[in-house]
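Contents: one structure, followed by commentary.
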Amino acid sequence: MSRSRQPPLVTGISPNEGIPWTKVTIRGENLGTGPADLIGLTICGHNCLLTAEWMSASKIVCRVGQAKDDKGDIIVTTKSGGRGTSTVSFKLLKPEKIGILDQSAVWVDEMNYYDMRTDRSRGLPPLSLRPANPLGIEVQKGKFPQKDLEMLFPGMSADFTSENFSAAWYLIENHSNTSFEQLKTAISHLKRHANKKSEGSLAHVKGGLSTFFEAQDALSAIHQKLEADGTEKVEGSMTQKLENVLNRASNTADTLFQEVLGRKDKADSTRNALNVLQRFKFLFNLPLNIERNIQKGDYDVVINDYEKAKSLFGKTEVQVFKKYYAEVETRIEALRELLLEKLLETPSTLHDQKRYIRYLSDLHAPGDPAWQCIGAQHRWILQLMHSCREGCVRDLKGPPGLHGALQDLDAEVCASVPGHLGQTASLKRGSSFQPGRGDAWRCKTPHQVAFVEKLTKLVLSQLPNFWKLWISYVNGSLFSETAEKSGHIERSKNVRQRQNDFKKMIQEVMQCLVKLVRGALLPLGAAEGGGRQHGGWEGKAELSGQWLAHVIQTLRLTYESLAALEIPNDLLQTVQDLILGLRVRCVVVTLQHTAEDIKRLAEKEDWVVDSEGLTSLPCQFERCVVLSLQSLRGVLECKPGEASVFQHPKTQEEVCQLSINIMQVFISCLEQLSTKPDADVDTAHLSVDVSSPDLFGSIHEDFSLTSEQRLLIVLSNCCYLERHTFLSIAEHFEKHNFQGIEKITQVSMASLKDLDQRLFESYIELKADPIVGSLEPGIYAGYFDWRDCLPPTGVRNYLKEALVNIIAVHAEVFTVSKDLVPRVLSRVVEAVSEELSRLMQCVSSFSRNGALQARLEICTLRDTVAAHLTLESRSSFKQALEALPQLSSGADRKLLEELLSRVKSGMHLQLACFQAAPPPAVKT
2 MSRSRQPPLV TGISPNEGIP WTKVTIRGEN LGTGPADLIG LTICGHNCLL TAEWMSASKI
62 VCRVGQAKDD KGDIIVTTKS GGRGTSTVSF KLLKPEKIGI LDQSAVWVDE MNYYDMRTDR
122 SRGLPPLSLR PANPLGIEVQ KGKFPQKDLE MLFPGMSADF TSENFSAAWY LIENHSNTSF
182 EQLKTAISHL KRHANKKSEG SLAHVKGGLS TFFEAQDALS AIHQKLEADG TEKVEGSMTQ
242 KLENVLNRAS NTADTLFQEV LGRKDKADST RNALNVLQRF KFLFNLPLNI ERNIQKGDYD
302 VVINDYEKAK SLFGKTEVQV FKKYYAEVET RIEALRELLL EKLLETPSTL HDQKRYIRYL
362 SDLHAPGDPA WQCIGAQHRW ILQLMHSCRE GCVRDLKGPP GLHGALQDLD AEVCASVPGH
422 LGQTASLKRG SSFQPGRGDA WRCKTPHQVA FVEKLTKLVL SQLPNFWKLW ISYVNGSLFS
482 ETAEKSGHIE RSKNVRQRQN DFKKMIQEVM QCLVKLVRGA LLPLGAAEGG GRQHGGWEGK
542 AELSGQWLAH VIQTLRLTYE SLAALEIPND LLQTVQDLIL GLRVRCVVVT LQHTAEDIKR
602 LAEKEDWVVD SEGLTSLPCQ FERCVVLSLQ SLRGVLECKP GEASVFQHPK TQEEVCQLSI
662 NIMQVFISCL EQLSTKPDAD VDTAHLSVDV SSPDLFGSIH EDFSLTSEQR LLIVLSNCCY
722 LERHTFLSIA EHFEKHNFQG IEKITQVSMA SLKDLDQRLF ESYIELKADP IVGSLEPGIY
782 AGYFDWRDCL PPTGVRNYLK EALVNIIAVH AEVFTVSKDL VPRVLSRVVE AVSEELSRLM
842 QCVSSFSRNG ALQARLEICT LRDTVAAHLT LESRSSFKQA LEALPQLSSG ADRKLLEELL
902 SRVKSGMHLQ LACFQAAPPP AVKT
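Start counting the sequence shown at 2; every next residue gets the next number (this note's numbering).
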């Protein structure tokens, strides 16, 4: 089976030499993935796995055992990598034999050694209690180098307790100068010692049996003597003497071994103290370690050490431990205060807040640090919002110029504000239309708009982390597993209690946002709502519709971002209400500004008439309205969760009145243009259009417009407005979901028709009255008498003059608009026919020639304007003819026909204008 890791490799060991049971640190690569992965560790051939402590994949700590080899490799074996190799070696040194009375600079471990050669199962006494000289003769150390002996006896040892004991090495090292006789004595000593051990304890008992009996007899005699003497202490008695002997023996023994035993007691007490310091050095060093780790910011290490110390010494009764543990608690309390201070610091990141809350939870800080952090963040957000307003207001009241924050707005955002206004509807006419306002506003952002941009960016940068902090507080992810388990019940109670408080915090932030925006964009409304704290913008003019639309888009994006955090809709309702209010205000302001722009259209009337008798004014009006509605397209569109702008009847009525006002303002412009004095009409610019094929000779010859011509042009525009423009605008209103379109159309049409009728009557009065007034003087010129007149030879001059005047009216109207010709001429003919009928009816009697002359003139006029006769004019001509005597003979009728034919042929050229078949007459 293939292994997933490389074999272990040992690259270092520290120290690299030492006696058995030396603690060493092994370093290398791939030393295992964990304690369970380490399955083998040998140093110089000895298995050290039992004492091995796995620290990491590159570090293992263990103790060197009794190895067979004095020098060897370090081999590590793991499950994941198998048997490893080593690039270093360890040298095992021989321990020095220290007797019980020998002085030493180090502590001797009193551990059991096992004689592996003689008895594997029986433990021998400590090395210090064994005979230091097994041969029983004086040791004479040689001066042979240790390295030479190791090379001479490879793999052997001079230690007589070792399995690899070499007698030759031992004799060279300890008895190189001993004589042969002494060595024989040593052999005898070894034999005796060996025999004693072979005889065992039973042999010792047999050999000293008599001694035991003698001791028993002595003890019995002493006992009997003591009973005979009694139990009282008598001076000179045997008991007293024995006690004195024993005391002297004890004092002598104490004198002999007092120094040794004193040193041993002192050493034991020192050893015990060092053992306590070594064993509990974690607690004794903990206060200093806590301070160091706090300075380094290793709060996790501090918390782990504190938890360990608390579990070990939290309930101790040992005074020294209590003292040090109290020091630990003092430093931990300082750490709690430090962490709480850092937690409540602003500004701070969400990651740091969670980290400090978890630390305080692990340290069992009193109170609720997480809720304190939420409260601090809430106050910080409100402070930032008010500081933002104060800064912008200061910049507004300071030197003129744009605030630096305005430069933060993206150029694309600024360009997108009027972007939708640039796309115009595909209108049929009016290519000469120029916008009323220039493009200077593109490079200047109002202070209020810059403030709203900055304020919403601030809210979007702070509120998401604030909301996420609350969510983490609710679901318990702010706390560690231990703290979560221990405080779950208590925290769940806190959450239920805190929910309403947090809801109020969010509502307060939203209300602050809404009030600040209202204070900036709607100063009057904000002042009424209660606060100077949200005002300060009184000196600024109200924003235009385009900038209000940009602000609405900004607030919509803000609302979408907040809704994406899954904040409940009821907490964001105030923002929705603000957006709805701004949308309504934007519609109202846009329509008001549109009315102002339309009012200025009168100044742009160039009086250049096209082939249909129209100027550019109706098209400019339509385009102005369409552009205004297009600018409101995004405002009127309902985003998810938004209500319609027209949901309130009051808003519907206001918008309807503003729309009607737009129409009526333009109608007023038309009336103003129609009644403008001749001296106020600027026709200097008409010279640029003198070559236009749409203009006729009368205008080419004289650039000054008469009041009659202006009336005709305005009448032509009114007709176009009624037939096309108003209906088209109504369609645009309906397309943008305006309410009350029928009312808008009806009121506008009524006003337009009223103006049209008044202007038409004015024109008819100007043109028809002179013609009608000239009839009676013309008829009776030269003292003409119907009862005494010559036979008729043709029509008289008054009728010719009247026809020429009607032709002049025809020419004037035809020059402006062909469509107006039937309407105007019909009314003129009606007036002339009515006057002629009245004059005929006023004649008391006619002679034959007079009746024939009158009939000739009436029939000539009737037949000439036959194309423009109406029921009224026909009735008038009929009444006029009925007032005349009937022709009694055929000769008179024949003469009348001849004279009619002669008059028509004679005025053929002049009467040609009346012969074209016009469209049906328009009812006035």
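The C-beta atom is built at its ideal place from N, Cα and C for all residues, glycine as well.
- If you compare the alpha carbons of Arg894, Thr865 and Gln880 with that of Lys905, the shortest gap goes to Thr865.
- When the Cα atoms are used, Ser478 and Leu313 turn out to be separated by approximately 28 Å.
- Under the DSSP assignment, Glu30 falls outside any alpha helix (DSSP H), being part of the beta strand (DSSP E) whose first and last residues are Lys24 to Glu30.
- Assignment of beta-bridge partners to Gln141 by DSSP yields His176.
- Residue range His448 to Asn476 is occupied by the alpha helix (DSSP H) that includes Val475.
- Going by DSSP, Trp55 is part of the beta strand (DSSP E) stretching over Glu54 to Ser57.
- Per DSSP, Ile808 has no beta-bridge partner at all.
- A Cβ-Cβ contact shorter than 8 Å links Val77 with Gly85.
- Rounded to whole angstroms, the Cβ separation of Val825 and Tyr764 is 7 Å, and the two are in contact under 8 Å.
- Lys72: not part of any alpha helix (DSSP H); member of the beta strand (DSSP E) spanning Lys72 to Thr79, first to last residue.
- Phe166 carries a strand assignment under DSSP once its states are collapsed to helix, strand and coil.
- Excluding sequence positions up to five before and after Ala187, its CB lies within less than 7 Å of the CB of Leu136, Gly137 and Ile138, all in the same chain and listed in chain order.
- Excluding the 5 residues flanking it on each side, Thr575 has same chain C-beta neighbours closer than 7 Å at Met511, Gln512 and Val515, in chain order.
- The region 595-607 and the region 647-664 touch, with three or more beta-carbon pairs separated by less than 8 Å.
- Rounded to whole angstroms, the gap between the alpha carbons of Gly546 and Gln653 is 18 Å.
- By DSSP's assignment, Arg84 forms a beta bridge with Thr78.
- Ranking Ser90, Gly33, Met152 and Ser818 by CA distance to the CA of Val610 puts Ser818 first.
- By the beta-carbon neighbour count (other beta carbons within 10 angstroms, threshold 16), Val626 is buried.
- About 11 Å separates the Cβ atoms of Leu341 and Ala371, ruling out a contact at the 8 Å cut-off.
- With 16 or more neighbouring CB atoms inside 10 Å of its own CB, Gln854 falls in the buried class.
- Where Thr555 is concerned, the enclosing alpha helix (DSSP H) starts and stops at Gly546 to Ala565.
- Under the three-state reduction of DSSP, Phe154 is assigned to coil, being neither helix nor strand.
- Here Ser846 is near Arg788, since their CB atoms are less than 8 Å apart.
- Between the alpha carbons of Arg395 and Leu339 lies a distance of about 37 Å.
- With contact defined as three or more Cβ pairs closer than 8 Å, the region 453-470 and the region 558-571 are in contact.
- Shortest Cα-Cα distance from Ser874 to any of Leu837, Asp893, Arg849 and Met908 involves Leu837.
- The way I'd put it, the region 752-763 does touch the region 719-729; three or more beta-carbon pairs between them come closer than 8 Å.
- Distance from the CA of Asn273 to the CA of Phe322, rounded to the nearest whole angstrom, comes to 16 Å.
- For Cys587, the enclosing alpha helix (DSSP H) has its first and last residue at Gln574 to Lys600.
- Phe452 and Gly392 have their C-alpha atoms spaced approximately 9 Å apart.
- Going by C-alpha positions, Glu328 is about 10 Å away from Glu334.
- DSSP places Thr12 in the strand class (E or B) of the three-state scheme.
- Counting only unbroken stretches of 4 or more residues, the alpha helix (DSSP H) elements lying wholly within the region 865-906 are 872-883, in sequence order.
- Contact between the region 587-597 and the region 612-620 is absent: fewer than three C-beta pairs spanning the two stretches fall below 8 Å.
- Scanning Thr23, Glu30 and Gln141 for the CA closest to the CA of Phe91 turns up Thr23.
- In the DSSP assignment, no residue is bridged to Ile742.
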